[in-house]
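Novice: Attaching a single structure in structure tokens format; questions to follow.
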DNA sequence: CTGAAAGCGCTTACAG
DNA sequence: CTGAAAGCGCTTACAG
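Chains as they are written, first to last, in full-length UniProt numbering: chain A, 1 to 334; chain B, 1 to 334.
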């Protein structure tokens with residue numbers, strides 16, 4: 001059973017495929033097709049269940065009504081939630097999203113961009129890895145709308161939407177200091193991307209401003225791709241230092257590993273030991289006591305990304321580059 | 001800057017596009033192209049960075065090397081994890097995955113199938129909603145490989161991979177009974193899909209087998225699409241009944257709502273009150289005390305799905321329908 | 001050993 | 001008010 005084509009519809013209606021095409025694309029009025037013909041063709045399309053072949057349309061027009069979304073890991077709840085919000089919003093505007101995970105690998109990211117390119121996606125939303133600058137530049141030179149989100153790249157002039165990681169991290173430390181904490185640890189990763197280094201800078205700057213010494217022994221940078229067990233071991237070792245009275249986890253999955261450690265070594269979170277996690281997670285609200293978190297405004301990020309993409313998609317001329325920095329919110333729980 | 005086409009490569013190499021096409025598709029030997037020509041063309045392709053236009057290829061061949069994955073909600077960690085595993089495995093075999101969420105709406109599911117159809121995906125992996133039977137039947141009649149997973153549909157003969165929900169639910173209740181529980185509650189949803197009704201049936205059968213009465217007041221069926229606050233209120237009301245000494249939550253998000261209630265009403269989980277949650281979640285391991293869960297073997301489900309899809313994709317003839325039921329595991333924590 | 005040509009299903013500039 | 005025809009970039013049956 002072969003699918004119907006525009007030719008079949010044209011034959012059934014006794015008109016040319018040109019006429020059918022105009023009607024399908026809402027250009028009937030503009031091309032002054034008579035009302036009778038419009039009605040007849042629409043009825044036949046309706047009855048036959050004909051759906052235009054999008055592949056053929058893409059080949060001809062060079063676009064696809066598809067936006068490519070590249071994230072680090074779709075199974076991370078931060079990305080899963082952002083993806084879902086972006087999908088919803090794009091869908092309402094007639095765009096579909098296809099997404100894929102880079103797993104923080106340049107090669108995989110590059111392959112994904114190539115795949116999207118050869119599928120002629122109309123625009124790219126990318127949570128990039130370092131080293132991808134050149135590939136992104138090529139897309140931009142090609143006049144493809146590109147929005148980076150979550151993490152920016154230093155050597156590139158691209159649209160960007162993300163939270164103010166430096167200031168969120170700074171505020172977290174400030175909060176600890178005001179509660180009288182003296183030995184504040186940071187658990188972060190060794191990936192060299194801005195949204196992580198900014199959290200580190202915020203940590204350092206806050207210590208400096210409040211006259212606390214920076215102590216290397218209190219900073220743990222775990223290797224990005226390592227086993228969780230390895231991470232757990234390293235955190236356990238860090239927590240051997242019982243001077244530590246507060247800790248900021250730079251990502252939600254590090255915080256989860258950290259909480260597992262605390263459970264294992266039976267250290268309780270309370271007045272003597274405070275925790276803040278970067279990026280919320282359902283486990284944090286449920287935890288006893290509740291875990292304070294830095295919350296990025298997911299809804300606002302998704303909305304801004306889609307708005308920027310759509311305005312670029314509908315604009316004939318190249319729009320100026322925009323960087324939108326959205327404040328993150330510190331939620332204190334106990 | 002227009003992208004290169006096969007024509008450009010043919011011109012540069014002074015051969016026909018037929019020759020280039022054969023070389024790209026690894027048919028050079030079979031078509032006995034001379035080694036010199038192969039080398040020359042491959043060098044030009046390499047140097048120019050030429051990538052074949054997949055859209056054109058799809059239009060011509062009618063397939064796409066893309067598998068469509070339709071889930072209920074990609075931001076649910078069960079689906080996010082399955083999606084990621086399937087993506088990895090498919091990727092290694094040269095297939096890309098595009099995924100999208102139905103949000104349990106027949107209309108959205110139907111639109112997604114149509115979108116995938118018009119994009120000529122090669123195969124479908126679907127976590128279906130009831131009412132989609134006819135649409136799925138059309139795909140199967142069209143000789144498209146289709147695998148349902150997580151939940152099966154009653155009136156349809158399709159390949160299926162999923163956990164044994166009845167027996168997992170039965171075992172959970174058995175576990176409660178053996179611990180001496182008498183008033184075991186069930187919190188589930190009102191969606192009418194097999195994987196949910198089977199959990200309900202398992203609950204009832206276990207009570208029956210162990211001589212416990214079935215008490216309607218102990219079963220809460222919350223409405224699928226309602227606000228979480230509403231769910232929380234209903235669970236709170238259920239827990240007013242302080243005879244209840246154990247509760248099985250039929251999904252992980254219901255369990256999360258339930259744990260929030262327990263925290264609010266300051267009821268502690270322990271000897272007097274036991275909890276089991278269906279589908280694991282990071283929050284459960286971290287919870288104090290740890291929450292026992294029914295774990296579906298994600299890895300095995302993903303692997304089986306991909307295997308079935310690939311064997312259908314590579315088989316010329318229609319393969320017999322297979323239903324693979326994989327046991328779920330009850331993990332007891334405290 | 002290699003190529004000319006048809007055709008996949010559309011859109012659109014041009015013609016009348 | 002409507003249609004014939006070119007062309008998007010490929011693959012492949014056929015011919016030599």
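Even for Gly, the Cβ is constructed at its ideal location relative to N, Cα and C.
#1: Return the first residue and the last residue of the alpha helix (DSSP H) that residue 328/A is part of.
#2: Can a CB atom of chain A be found closer than 8 Å to the CB of residue 54/B?
#3: Rounded to the nearest angstrom, how far is the Cβ of residue 137/A from that of residue 193/A, given a contact under 8 Å?
#4: From which residue to which residue does the beta strand (DSSP E) around residue 96/B run?
#5: Compute the beta-carbon to beta-carbon distance between residue 120/B and residue 62/B, rounded to the nearest angstrom, for a pair I have assumed lies under 8 Å.
#6: For a minimum of 4 consecutive residues, which ranges assigned as the alpha helix (DSSP H) are wholly contained in the segment 218-268 of chain A?
#7: Contact criterion: CB-CB distance below 8 Å. Does residue 21/A meet it with respect to chain B?
#8: For residue 41/B, tell me which candidate among 99/B, 244/B, 9/B and 300/B has the shortest Cα-Cα distance.
#9: Can you check DSSP and say which residues form a bridge with residue 154/B?
#10: Skipping 5 residues on each side, what residues in its chain have a beta carbon closer than 6 Å to that of residue 116/A?
#11: Taking C-alpha atoms, which residue in 280/B, 255/B and 281/B lies nearest to residue 269/B?
#12: Is there a Cβ of chain B sitting closer than 8 Å to that of residue 287/A, yes or no?
#13: Pull out every residue of the segment 230-252 of chain B whose Cβ sits closer than 7 Å to any Cβ of chain A, in chain order.
#14: Does chain A have any CB closer than 8 Å to the CB of residue 173/B?
#15: To which residues does DSSP link residue 313/A through a beta bridge?
#16: Verify whether the separation of the beta carbon atoms of residue 220/A and residue 187/A is less than 8 Å.
#17: Quick check: is the beta carbon of residue 119/B nearer than 8 Å to any beta carbon in chain A?
#18: Would you kindly work out how many angstroms separate the C-alpha atoms of residue 29/A and residue 74/A, rounded to a whole number?
#19: Count the other CB atoms within 10 Å of the CB of residue 280/A; is the residue buried (16 or more) or exposed (fewer)?
#20: Tell me which residues share the same chain as residue 312/A and place their Cβ nearer than 6 Å to its Cβ, disregarding the 5 neighbours each side in the sequence.
#21: Name the residues in the segment 259-276 of chain B whose C-beta lies less than 8 Å from a C-beta of chain A; which are they?
#22: Quick one: residues in its chain with C-beta nearer than 7 Å to the C-beta of residue 87/B, no 5 flanking neighbours on either side, listed in chain order?
#23: Going along chain B, which residues have a C-beta under 7 Å from residue 283/A?
#24: Have a look at the DSSP bridge pairing and note the partners of residue 68/B.
#25: Looking at residue 239/B and residue 267/B, is the spacing between their C-beta atoms short of 8 Å?
#26: Take the Cβ of residue 198/B as the centre, count every other Cβ of all protein chains shown within 10 Å, and call the residue buried at 16 or more, exposed below.
#27: Short of 6 Å in beta carbon distance, which residues of its chain neighbour residue 128/B, apart from the five on each side in sequence? Order them along the chain.
#28: My guess is that residue 305/B and residue 276/B are in contact by the Cβ rule of under 8 Å, so how many angstroms apart are they, rounded?
#29: Using a Cβ-Cβ cutoff of less than 7 Å, which residues in the same chain neighbour residue 83/B once the five nearest sequence positions on both sides are dropped?
#30: Tell me whether residue 191/B sits in a helix, a strand or coil according to DSSP, three-state version.
#31: Taking a contact to mean a Cβ-Cβ separation below 8 Å, would you say residue 278/B touches residue 251/B in this structure?
#32: Per DSSP, residue 288/B is paired with what?
#33: Mind listing the chain A neighbours of residue 114/B? Cutoff is C-beta to C-beta under 8 Å, in chain order.
#34: Would you say residue 84/B lies against chain A (beta-carbon separation less than 8 Å)?
#35: I think residue 296/A touches residue 246/A, with their Cβ atoms under 8 Å apart; what is that distance to the nearest whole Å?
#36: Might you give, ordered along the chain, the residues of its own chain that have their beta carbon closer than 7 Å to the beta carbon of residue 298/B, omitting 5 neighbours on each side?
Specialist: Taking the coordinates as given:
#1: On the first chain, residue 328/A is found 328 positions in, with the first residue counted as 1. It is not in any alpha helix (DSSP H) - residue 328/A carries neither H nor E in the DSSP assignment.
#2: What you label residue 54/B is simply residue 54 of the second chain in a count that begins at 1. Output row for residue 54/B: interface = yes.
#3: Locating residue 137/A in the first chain gives position 137, counting from the first residue. Locating residue 193/A in the first chain gives position 193, counting from the first residue. About 17 Å; that fails the 8 Å criterion.
#4: Stepping through the second chain from its first residue, residue 96/B is reached at position 96. 96-101 is the span of the beta strand (DSSP E), which, as asked, contains residue 96/B.
#5: Residue numbering aside, residue 120/B sits at position 120 when the second chain is read from its first letter. Residue numbering aside, residue 62/B sits at position 62 when the second chain is read from its first letter. That belief holds up - the Cβ atoms of residue 120/B and residue 62/B are roughly 6 Å apart, short of 8 Å.
#6: Complete alpha helix (DSSP H) runs here, min 4: 228-239 and 252-264.
#7: As a working mapping, residue 21/A is identified with position 21 in the first chain. No, residue 21/A lies away from the interface with chain B (no Cβ there is under 8 Å from its Cβ).
#8: Indexing the second chain from 1 puts residue 41/B at position 41. Per the C-alpha coordinates, the member of 99/B, 244/B, 9/B and 300/B positioned closest to residue 41/B is 9/B.
#9: Within the second chain, the letter at position 154 stands for residue 154/B. Answer is none; residue 154/B lacks a bridge partner.
#10: Taking the first chain and counting its residues from 1, the one referred to as residue 116/A is at position 116. Cβ neighbours of residue 116/A beyond the five flanking positions: 68.
#11: As a first step, residue 269/B is located in the second chain; it is residue number 269 there, counting from the start. Among 280/B, 255/B and 281/B, the Cα nearest to that of residue 269/B is on 255/B.
#12: In the first chain, counting from the first residue as 1, residue 287/A sits at position 287. For residue 287/A, at least one C-beta of chain B is nearer than 8 Å to its own C-beta.
#13: Answer set for the segment 230-252 of chain B: empty.
#14: Here residue 173/B refers to the residue found at position 173 of the second chain. No, residue 173/B does not count as interfacial toward chain A.
#15: Here the question's residue 313/A lines up with position 313 in the first chain. In DSSP, residue 313/A forms no bridge with anything.
#16: Your numbering for residue 220/A matches position 220 in the first chain. Your numbering for residue 187/A matches position 187 in the first chain. The beta carbons of residue 220/A and residue 187/A sit closer together than 8 Å.
#17: Numbered from its first residue, the second chain carries residue 119/B at position 119. Interface residue, yes.
#18: Translated into positions along the first chain, residue 29/A becomes position 29. Translated into positions along the first chain, residue 74/A becomes position 74. Those two C-alpha atoms are separated by around 44 Å.
#19: On the first chain, residue 280/A is found 280 positions in, with the first residue counted as 1. The residue in question, residue 280/A, is buried, as its Cβ has 16 or more Cβ neighbours within 10 Å.
#20: In the first chain, counting from the first residue as 1, residue 312/A sits at position 312. Hits under 6 Å: 145 and 319.
#21: Going along the segment 259-276 of chain B in chain order, one finds 259, 260 and 263 with a Cβ nearer than 8 Å to chain A.
#22: On the second chain, position 87 is the one that residue 87/B refers to. Contacts found: 97.
#23: Residue mapping note: residue 283/A aligns to position 283 of the first chain, counting from 1. Going along chain B in sequence order, the residues near residue 283/A (Cβ under 7 Å) are 282, 283 and 286.
#24: For the purposes of this step, residue 68/B is taken as the residue at position 68 of the second chain. Under DSSP, residue 68/B takes part in a beta bridge, and its partners are 98/B and 124/B.
#25: In the second chain, the residue the question calls residue 267/B occupies position 267. In the second chain, the residue the question calls residue 239/B occupies position 239. Yes, the pair counts as a contact, with Cβ atoms nearer than the cut-off.
#26: Counting from one through the second chain, the residue named residue 198/B turns up at place 198. Its Cβ being crowded by 16 or more others within 10 Å, residue 198/B is buried.
#27: Working through the second chain from its first residue, we reach residue 128/B at position 128. Its chain contains 148 and 153 as the residues whose beta carbon lies nearer than 6 Å to that of residue 128/B, once the 5 sequence neighbours on both sides are disregarded; these appear in chain order.
#28: Translated into positions along the second chain, residue 305/B becomes position 305. Translated into positions along the second chain, residue 276/B becomes position 276. Not quite, the Cβ-Cβ distance comes to about 26 Å (not below 8 Å), so this is no contact.
#29: Stepping through the second chain from its first residue, residue 83/B is reached at position 83. Cβ within range, chain order: 69, 71, 74 and 99.
#30: Within the second chain, the letter at position 191 stands for residue 191/B. Here residue 191/B sits in coil by DSSP.
#31: Mapped onto the second chain, residue 278/B falls at position 278. Mapped onto the second chain, residue 251/B falls at position 251. Against a cut-off of 8 Å, the Cβ pair of residue 251/B and residue 278/B comes out as a contact.
#32: Counting from one through the second chain, the residue named residue 288/B turns up at place 288. Answer is none; residue 288/B lacks a bridge partner.
#33: Translated into positions along the second chain, residue 114/B becomes position 114. Under the 8 Å cutoff, chain A gives 51.
#34: Locating residue 84/B in the second chain gives position 84, where the first residue counts as 1. Chain A, which has a Cβ nearer than 8 Å to the Cβ of residue 84/B, makes this yes.
#35: Numbered from its first residue, the first chain carries residue 296/A at position 296. Numbered from its first residue, the first chain carries residue 246/A at position 246. Contact doesn't hold; Cβ gap of about 21 Å is too wide.
#36: Stepping through the second chain from its first residue, residue 298/B is reached at position 298. These residues qualify, in order along the chain: 81, 82 and 85.
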